[in-house]
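See structure below.
2 protein chains.
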Amino acid sequence: MKRILFTIITILNVQAYIVAQEDQQAFFIKDIYNHTLQHAVCDNWLSYLSNDIGGRLSGSENAAIAVDYTLGELAKLEIVDTTWKQACMVPRWVRGDREEVIVYHNNEPHKVNALSLGNSVGTGNGPLTAEIIEVYGIDTLETLGTDHLKGKIVLFNRPMSNKHINTGYAYGEAVDQRVHGASQASKYGAIAVLVRSVTTQLDDLPHTGVQIYADGVVPIPALAVSTNDAEKISGWLQSETVRVSIENNPQILPQVESHNVIAEIRGSEFPDEIILVGGHLDSWDVGGGAHDDGAGCVHSMQVIETLNALGYKPKRTIRCVLFMNEENGLGGGLEYARISDQKGEYHLAAIESDSGGFTPRGFTCTAEAEVFKPFLSKLQEFDLFLDPYDLYLKAGGAGADINPLKSQKGLLIGFKPDNQRYFDFHHTSADVYENVNVRELRLGAAAITSLVYLIDQYGL
Amino acid sequence: MKRILFTIITILNVQAYIVAQEDQQAFFIKDIYNHTLQHAVCDNWLSYLSNDIGGRLSGSENAAIAVDYTLGELAKLEIVDTTWKQACMVPRWVRGDREEVIVYHNNEPHKVNALSLGNSVGTGNGPLTAEIIEVYGIDTLETLGTDHLKGKIVLFNRPMSNKHINTGYAYGEAVDQRVHGASQASKYGAIAVLVRSVTTQLDDLPHTGVQIYADGVVPIPALAVSTNDAEKISGWLQSETVRVSIENNPQILPQVESHNVIAEIRGSEFPDEIILVGGHLDSWDVGGGAHDDGAGCVHSMQVIETLNALGYKPKRTIRCVLFMNEENGLGGGLEYARISDQKGEYHLAAIESDSGGFTPRGFTCTAEAEVFKPFLSKLQEFDLFLDPYDLYLKAGGAGADINPLKSQKGLLIGFKPDNQRYFDFHHTSADVYENVNVRELRLGAAAITSLVYLIDQYGL
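Right under this line is the structure:
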């Protein structure tokens with residue numbers, strides 16, 4: 005009887021202990037949110053990155069300034085044991101000072117807002133002038149063939165669909181025109197391409213972004229035009245032959261050295277289990293790279309600042325990594341993984357924020373099923389985070405910079421904020437701090453910090 | 005054996021039938037989303053309400069124009085069987101043309117952005133000038149007492165907390181100063197009140213809103229000032245006596261008749277079971293009442309337009325109701341329920357959208373547990389709506405206009421969009437169409453239409 009009683013008491017104690025522990029964790033998550041919503045500094049950092057430094061294209065002076073600035077800010081936080089710059093090679097593409105697209109409608113010139121696509125060549129000496137051929141996708145090029153395309157300027161004008169709820173999905177559907185359009189059109193003798201901006205908005209903003217020449221094709225100039233201009237040209241083409249004159253002068257320079265920025269808090273119990281939180285520090289050169297991906301960088305930095313402010317001592321090693329060159333090469337992400345693999349490191353979890361500074365919706369996770377499923381049920385079982393904070397955790401993509409860590413077989417997690425407005429600003433001059441809502445930004449940092457905390461507490 | 009086989013086949017058939025039915029319903033919800041995201045007209049309606057008509061305070065000419073406009077638009081939809089205007093009495097408060105608040109700091113006059121609160125009296129002949137006493141809540145008035153307050157102008161300056169994730173909750177915590185501040189301060193002899201705007205933003209926009217004089221108190225002028233101005237005055241008060249001069253001239257006129265707008269589709273199978281969807285058509289007079297609550301009105305109208313476009317034949321009666329006078333009296337909501345009760349109607353469900361045109365997060369529901377719980381499990385069991393669309397359904401508040409239907413014991417449901425930005429615009433001159441994102445608005449309409457459809461299909 006005594007023994008049974010003892011057993012019962014033991015069970016009750018263990019349960020009470022678990023409940024108490026859960027309570028403690030719930031309180032700590034509340035502390036994380038309270039601190040982040042009331043005292044976060046991520047918005048100041050973002051304002052500086054976006055407005056004071058500005059666009060941070062890989063290899064640019066601004067990118068180098070941003071490396072030193074963020075490294076300095078992270079080094080100020082007492083909780084951080086080590087900070088370092090990790091060298092990586094990055095492409096160096098420079099936009100140049102001319103981006104002129106003039107469309108002739110009824111023989112009248114109409115200036116069109118345009119931006120050279122990343123990695124585009126220039127038109128050389130003076131403008132290129134030719135007839136516009138409108139297509140709705142790469143497939144159509146084959147149907148038209150060299151007969152119709154040789155010497156022409158192709159307008160890729162398939163809109164990004166507005167019917168998908170997930171705008172990222174719609175972007176994926178539409179972006180092939182931007183990435184591969186020039187390369188494919190060149191095969192059929194086209195002399196340049198204009199690409200409808202990848203956004204559901206109808207407005208006057210051109211959206212830049214990377215384009216890639218396939219091996220062996222003649223590189224031809226590629227420029228984005230605004231959706232309004234693409235619609236306008238399309239309208240004119242219904243009843244007349246439309247000619248366009250294009251002039252741009254970007255330069256493709258030799259690769260240069262740049263850096264990932266890393267700050268590490270060494271774990272007290274399991275230092276070899278690394279939890280990474282990161283974003284990418286480079287951005288396009290137009291705008292301030294505020295949502296893409298200044299937000300992800302300052303989210304990640306804020307995780308460290310919050311743990312610092314709350315006096316937290318992590319059991320596992322927590323690393324904030326600001327990757328270089330996500331936009332046009334992935335130099336930083338690949339180099340980080342290469343060195344990590346070489347050192348035999350193990351990233352228990354890596355979380356990337358690269359979808360903007362909007363209200364958090366949840367997280368998606370790429371991992372082997374045997375890692376993901378127990379983790380998911382563990383998180384769901386402890387009723388203190390996802391549900392109360394209206395967040396989901398589901399299987400799905402993680403992030404370009406952390407994907408190369410896949411072979412370490414940890415959890416790769418993508419932070420998913422609401423994405424309805426993301427492509428209103430993406431890769432444009434409007435991607436500036438003023439278009440980020442401070443509360444939404446801070447909520448993102450709080451959600452990521454909470455997840456880092458729970459992974460640090462539980463492991464997988 | 006034959007019989008067993010027959011039973012098994014029957015069971016399989018029934019299951020196949022249920023699955024097929026579910027598929028059909030999932031397809032229809034997809035159709036609802038596709039139509040709404042691609043072809044909705046709610047944004048045009050909202051642009052007209054907000055920009056062409058503008059602020060629609062109860063009893064104003066604009067409110068009357070909005071009644072006729074929305075009634076006309078609803079009547080154009082073929083699916084609608086009946087439209088009517090339902091008369092209700094509403095207060096008539098007119099802002100006037102003077103709202104001048106001048107604060108004297110170091111004897112220098114500083115003009116402050118101010119808006120009279122709804123229902124406020126004016127200062128009478130010429131300005132009122134007095135010393136400012138700052139308080140952080142109504143409680144403090146009693147502590148200070150008549151000795152300190154008589155003849156003074158009270159500045160209520162407790163900020164809306166930015167630590168709550170739910171901004172609606174934070175608003176509820178802070179708004180007592182605006183609603184009851186003047187009335188309470190008057191009891192101690194104060195001659196006017198200034199109220200810090202109820203928002204987490206620090207900016208220059210004053211936020212108006214209703215205030216109520218308790219029976220028997222001397223009504224004193226009550227004006228909202230911007231958070232920046234409230235902070236500035238508070239700073240000056242640390243080191244000096246600050247005087248303020250206030251002049252405003254609003255008028256409280258006799259009640260007038262106004263109208264709810266109603267459009268009904270008669271149910272084909274259960275016409276006596278009404279599913280209501282609505283918002284409130286009145287708004288404050290500053291700005292365009294775009295988020296509050298033009299969005300809710302056009303959400304509700306879009307439900308009808310979408311069902312019309314998809315050729316849907318509802319089993320139950322569906323009513324779109326645009327209520328008058330939510331902001332300062334609830335005349336419309338109360339009258340609607342009174343007449344409905346009088347006729348012995350039964351509202352199976354009523355859904356109100358009155359939290360802005362932001363990305364949908366879900367629905368909250370007020371009902372007797374015996375109605376709510378089976379409904380919730382029914383919705384969750386059919387895995388075609390809430391989860392795939394990242395929406396929740398939980399117990400919680402419904403909406404001011406539909407709450408009076410409580411005695412009919414149906415489901416009262418509040419549509420809950422993301423609320424992080426709502427109080428940036430609420431009751432200000434910035435609550436205009438340009439601050440509504442069209443995709444976010446349309447997603448709201450699609451979510452509400454889907455819920456209406458499911459309730460129509462299943463009942464409760």
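Listed in order, the protein sequences are those of chains A and B.
Residue 5 is where the first sequence starts when you use this note's numbering, and the numbers rise one by one after that.
Residue 5 is where the second sequence starts when you use this note's numbering, and the numbers rise one by one after that.
Beta carbons are placed, not taken as given, at the ideal position from N, Cα and C, and that holds for glycine.
Please name the residue, chosen from the options, that lies closest to residue i on a Cα-to-Cα basis.
i               : options                        : result
E330 of chain B : B:G300, B:Q242, B:I322, B:K319 : B:G300
N129 of chain A : A:I250, A:D151, A:E444, A:Y457 : A:I250
T87 of chain A  : A:V94, A:L75, A:L455, A:T150   : A:L75
G59 of chain B  : B:H284, B:S243, B:T370, B:E372 : B:H284
R96 of chain B  : B:I69, B:H431, B:G63           : B:G63
A354 of chain B : B:Q412, B:G348, B:P364, B:L390 : B:Q412
L227 of chain B : B:L206, B:H184, B:S54          : B:H184
G336 of chain A : A:E277, A:H263, A:R446, A:E356 : A:H263
A196 of chain A : A:P223, A:I216, A:G176, A:V202 : A:P223
T363 of chain A : A:G126, A:D394, A:F160, A:S344 : A:D394
G333 of chain B : B:W49, B:M93, B:I57, B:S51     : B:M93
L326 of chain A : A:Y52, A:I33, A:F32, A:A67     : A:A67
T203 of chain B : B:G176, B:P225, B:G291, B:E268 : B:G176
F429 of chain A : A:G400, A:G293, A:E339         : A:G293
Pull up the distance between the alpha-carbon of residue i and that of residue j, whole angstroms please.
i               : j               : result
T40 of chain B  : L81 of chain B  : 15 Å
I406 of chain B : Y396 of chain B : 20 Å
L153 of chain A : D219 of chain A : 20 Å
L464 of chain B : Q29 of chain B  : 16 Å
V248 of chain A : K317 of chain B : 51 Å
Q188 of chain B : G414 of chain B : 38 Å
D289 of chain A : F419 of chain B : 40 Å
L16 of chain B  : G366 of chain A : Per-residue confidence for L16 of chain B stands at a pLDDT of 49, beneath the threshold of 50, marking its modelled position as unreliable; no derived number is given.
A341 of chain A : K410 of chain A : 9 Å
E385 of chain A : D27 of chain A  : 14 Å
A402 of chain B : A373 of chain B : 15 Å
E273 of chain A : I452 of chain A : 22 Å
G100 of chain B : S304 of chain A : 50 Å
V246 of chain B : A434 of chain B : 30 Å
V98 of chain B  : P254 of chain B : 5 Å
D276 of chain A : I322 of chain A : 10 Å
N232 of chain A : L445 of chain B : 21 Å
L9 of chain B   : I36 of chain B  : Note that L9 of chain B scores a pLDDT of 49, beneath 50, so its modelled location is shaky; the value from the coordinates is reported in the next line. The straight-line gap from Cα to Cα measures roughly 40 Å.
T56 of chain B  : V307 of chain B : In the sequence as displayed, the identity of residue 56 of chain B is Asp instead of Thr. In a straight line, the C-alpha of D56 of chain B is about 23 Å away from that of V307 of chain B.
E356 of chain A : V281 of chain A : 6 Å
T310 of chain B : Y462 of chain B : 19 Å
K89 of chain A  : I266 of chain A : 6 Å
Which residues in chain A sit within 9 Å of residue i, going by Cβ to Cβ distance?
i               : result
R425 of chain B : T363, N441, R443, E444
Applying a beta-carbon distance threshold of less than 7 Å, which residues of chain A neighbour residue i?
i               : result
K167 of chain B : N38, L41, Q42
For residue i, count neighbouring C-beta atoms within 10 Å of its own C-beta (all shown protein chains included) and say buried if the count is 16 or more, exposed if not.
i               : result
E438 of chain A : exposed
H43 of chain A  : exposed
A79 of chain B  : exposed
N423 of chain A : buried
G123 of chain B : Looking at the sequence shown, residue 123 of chain B is not Gly but Asn. Result: buried.
D460 of chain A : buried
E77 of chain B  : buried
K156 of chain B : buried
F389 of chain B : buried
T432 of chain A : buried
G271 of chain B : buried
So which residues of chain B does residue i contact, with C-beta pairs closer than 8 Å?
i               : result
T204 of chain A : R443
List the residues of chain B that residue i touches, going by C-beta distances under 7 Å, in chain order.
i               : result
D422 of chain A : T363, D422
Which residues in chain A sit within 8 Å of residue i, going by Cβ to Cβ distance?
i               : result
Y396 of chain B : D394
L447 of chain B : I169, Q424
Given 6 Å as the limit, tell me if residue i has its C-beta closer than that to any heavy atom belonging to the ligand GTP.
i               : result
S359 of chain B : Within the structure as shown, the ligand GTP is missing, as the structure has no ligands at all.
Below 8 Å between beta carbons is the criterion; list the residues of the stretch 96-117 of chain A that meet it against any residue of chain C, in chain order. Any reference to chain C falls outside this structure, whose protein chains are A and B.
Whole alpha helix (DSSP H) runs in the stretch 324-388 of chain B with 4 or more residues, listed along the chain? 335-346, 373-385
Which complete alpha helix (DSSP H) runs does the stretch 239-307 of chain B hold, if anything under 4 residues is left out? Runs of alpha helix (DSSP H) with 4 or more residues, each lying fully within the stretch 239-307 of chain B, are absent.
Please go through the stretch 185-250 of chain A and give each complete beta strand (DSSP E) segment of 3 or more residues, from N-terminal end onward. 196-200, 226-229
Suppose only complete runs of 3+ residues qualify. What are the beta strand (DSSP E) ranges in the stretch 138-169 of chain B, listed by chain order? Counting only runs of 3+ residues, the beta strand (DSSP E) found wholly inside the stretch 138-169 of chain B occupies 157-160, in chain order.
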